[in-house]
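Chains A and B, in that order, give the protein sequences. Following this note's numbering, the numbering of the first sequence begins with 14 at its first residue and continues without gaps. Following this note's numbering, the numbering of the second sequence begins with 14 at its first residue and continues without gaps. Virtual Cβ for every residue (Gly too), placed ideally from N, Cα, C. Quick notes on the structure that follows.
2 protein chains.
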Amino acid sequence: MDELDSQIVEHLQREARITNRDLAHRLGIAPSTCLERTRALRNRGVITGFHAAVDLRSMGRPVQALLSIQVRPLSRDVIEGFKTYVSALPEVLSVFVVAGSDDFLVHVAVPDVDQLHTFLMDRFSQRREIVNFRSSVIYQHVANQVISPLDGVE
Amino acid sequence: MDELDSQIVEHLQREARITNRDLAHRLGIAPSTCLERTRALRNRGVITGFHAAVDLRSMGRPVQALLSIQVRPLSRDVIEGFKTYVSALPEVLSVFVVAGSDDFLVHVAVPDVDQLHTFLMDRFSQRREIVNFRSSVIYQHVANQVISPLDGVE
DNA sequence: ATTGAAACGAACGATGG
DNA sequence: CCATCGTTCGTTTCAAT
């Protein structure tokens with residue numbers, strides 16, 4: 014993970030579909046070198062994949078919320094079971110298993126507030142392991158496009 | 014946004030670097046049609062970009078946390094100012110502005126727990142607008158790779 | 001590890017079905 | 001929406017350094 018690798022990773026995080034040729038040109042290296050490096054980054058697991066990002070509004074899901082959930086008992090089975098259940102729901106974008114007063118934080122996107130309510134009723138009310146529950150509508154969400162090593166990582 | 018569009022979007026969310034030829038072949042359509050559709054999806058803003066995903070561990074940032082922050086006064090200036098400040102910090106992955114008891118939820122990734130502590134002290138303690146603050150270490154994070162329209166979205 | 005060149009494959013625009 | 005053609009452009013391999 015030298016400076017060149019970092020730059021490749023940065024460029025590909027911004028624009029995954031840049032041609033190998035362009036990327037090489039920007040970095041001032043030969044296309045064959047660039048290809049080799051990029052492959053190595055994938056094989057080493059530094060780059061885990063290339064994904065299209067979509068607009069939630071265009072997908073008919075403009076309303077986002079964060080759900081804070083406490084489950085009991087705090088056993089491995091309950092945690093894993095709930096995590097698996099929740100992450101398979103199509104409304105769910107991502108699931109955090111966290112330390113602290115809440116056990117889960119679930120990020121969801123739905124068509125409207127009504128369907129948020131319906132979703133909560135249908136998918137969470139019956140669940141016996143849930144002992145506490147809060148939901149917060151998300152007004153804005155800003156994600157950092159590029160993740161860089163904070164130190165010099167070799 | 015018909016069935017074909019949905020399928021294109023789904024495939025590109027999983028694997029953004031698939032060639033147009035391959036994608037067309039998988040969907041059983043002509044490459045020319047597929048290219049046209051894919052372009053239209055970008056131009057309509059349904060697909061917002063193509064990005065490489067990276068492994069946080071490989072980037073030397075294996076420790077993640079969620080910070081719940083309350084600021085005052087709840088004015089536009091304070092909200093916007095804090096949001097801008099926080100989202101520019103390199104440790105920050107994403108920022109949620111939320112309704113409910115907390116105003117912000119900030120997702121961070123750092124090299125270790127010590128540096129989490131240092132980060133909190135250095136970047137948040139001085140900030141006068143912060144009136145309340147909690148941080149939770151993230152044990153696991155599962156993100157849904159594919160986002161689909163929940164209804165039939167035309 | 002990096003390179004240049006050659007062979008291969010893909011993208012693209014135009015045309016017509 | 002599909003098929004095909006032709007050109008341009010990109011990718012990939014590999015021997016050499």
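Note down, in chain order, each residue of its chain lying with its Cβ closer than 8 angstroms to the Cβ of residue i, except the 5 sequence neighbours on either side.
| i | result |
| --- | --- |
| Val105(B) | Val99, Val119, His120, Val121 |
| His154(A) | Gln77 |
| Glu167(A) | In this prediction, Glu167(A) has a pLDDT of 49, which is less than 50 and means its spatial position is unreliable; what the coordinates show is noted afterwards. Result list for Glu167(A): Met14, Asp15, in chain order. |
| Asn33(A) | Pro44, Cys47, Leu48, Thr51 |
| Val159(A) | Glu23, Gln26, Arg27 |
| Leu40(B) | Leu17, Gln20, Ile21, His24, Cys47 |
| Pro162(A) | Met14, Ser19 |
| Asp35(B) | none |
So which residues on chain B does residue i lean against when the C-beta distance must stay under 9 angstroms?
| i | result |
| --- | --- |
| Met134(A) | In chain order: nothing, as chain B lies at least about 16 angstroms away. |
| Val123(A) | Leu163 |
| Leu118(A) | Leu79, Leu118, Ser149, Ile151 |
What residues of chain B sit near residue i, judged by a beta carbon separation below 7 angstroms?
| i | result |
| --- | --- |
| Tyr152(A) | Val110, Val111, Ala112 |
| Thr61(A) | Ala66, Val67, Asp68 |
| Ala29(A) | Ala29, Arg30, Phe63, His64, Ala65 |
Could you work out which residues of chain A lie near residue i, taking near to mean beta carbons separated by less than 9 angstroms?
| i | result |
| --- | --- |
| Leu106(B) | Ala156, Asn157, Ile160 |
| Val126(B) | Neighbours of Val126(B) on chain A: none; closest Cβ ~11 angstroms, over 9 angstroms. |
Going along the chain, which residues of its own chain have a beta-carbon closer than 7 angstroms to the beta-carbon of residue i, five neighbours each way excluded?
| i | result |
| --- | --- |
| Arg136(B) | Leu102 |
| Lys96(B) | Val108, Val110 |
| Val126(A) | Val76 |
| Val91(B) | Val84, Glu142 |
| Arg89(B) | none |
Which residues in the same chain have their Cβ closer than 6 angstroms to the Cβ of residue i, if we skip the five residues on either side of it in sequence?
| i | result |
| --- | --- |
| Leu87(A) | none |
| Asp115(A) | Ser81, Gln83 |
| Val144(A) | Gln83, Arg85 |
Looking only at C-alpha atoms, which of the options sits nearest to residue i?
| i | options | result |
| --- | --- | --- |
| Gln128(B) | Glu142(B), Val144(B), Asp115(B), Val150(B) | Val150(B) |
| Gln26(B) | Cys47(A), Thr46(A), Asp15(A), Asp68(A) | Asp68(A) |
| Met134(A) | His38(A), Leu54(A), Leu80(A), Arg52(A) | Leu80(A) |
| Ser138(A) | Pro124(A), Ala37(A), Ile82(A) | Ile82(A) |
| Ala29(A) | Ala112(A), Tyr152(A), Ile60(A) | Ile60(A) |
| Tyr152(B) | Leu40(A), Gly94(A), Ala156(A), Gly113(A) | Gly113(A) |
| Arg147(A) | Ala156(A), Glu93(A), His130(A), Arg89(A) | His130(A) |
| Arg140(B) | Pro162(B), Leu163(B), Asp164(B), Gly94(B) | Gly94(B) |
Name the chain A residues whose beta carbon is nearer than 8 angstroms to that of residue i?
| i | result |
| --- | --- |
| Gly58(B) | Asp68, Ser71 |
| Val144(B) | Within 8 angstroms Cβ-Cβ: nothing; Val144(B) doesn't reach chain A, min ~17 angstroms. |
| Val84(B) | Result: empty, since nearest Cβ-Cβ is about 13 angstroms, beyond 8 angstroms. |
Please list the partners that residue i has in chain B, where partner means a Cβ-to-Cβ separation under 8 angstroms.
| i | result |
| --- | --- |
| Ser100(A) | Val155, Asn157 |
| Arg74(A) | Ile160, Pro162, Leu163 |
Cβ of residue i within 8 angstroms of Cβ of residue j?
| i | j | result |
| --- | --- | --- |
| Leu54(A) | Asp18(A) | yes |
| Val73(A) | Pro124(A) | Residue identity differs from the one stated: residue 73(A) is Gly in this sequence, not Val. Yes. |
| Ala37(B) | His64(A) | no |
| Ser71(B) | Arg57(A) | yes |
| Val84(B) | Phe132(B) | no |
Which partner residues does residue i have in the DSSP bridge list?
| i | result |
| --- | --- |
| Gln20(B) | Gln20(B) pairs with nothing; no bridge assigned. |
| Leu79(B) | His120(B), Ser149(B) |
| Val110(A) | Phe117(A), Gln153(B) |
| Gln64(B) | The sequence shown places His at residue 64(B), not Gln. Partner(s): His64(A). |
| Val84(B) | Ile143(B) |
| Val105(A) | Val121(A) |
I want to verify the contact list: residues of chain A whose CB lies under 7 angstroms from the CB of residue i, in sequence order.
| i | result |
| --- | --- |
| Gln26(B) | His64, Ala65, Val67 |
| Pro103(B) | Ser161, Leu163 |
| Val91(B) | Ordered by position in chain A, no residue passes the 7 angstroms Cβ test against Val91(B), which lies about 14 angstroms from the chain. |
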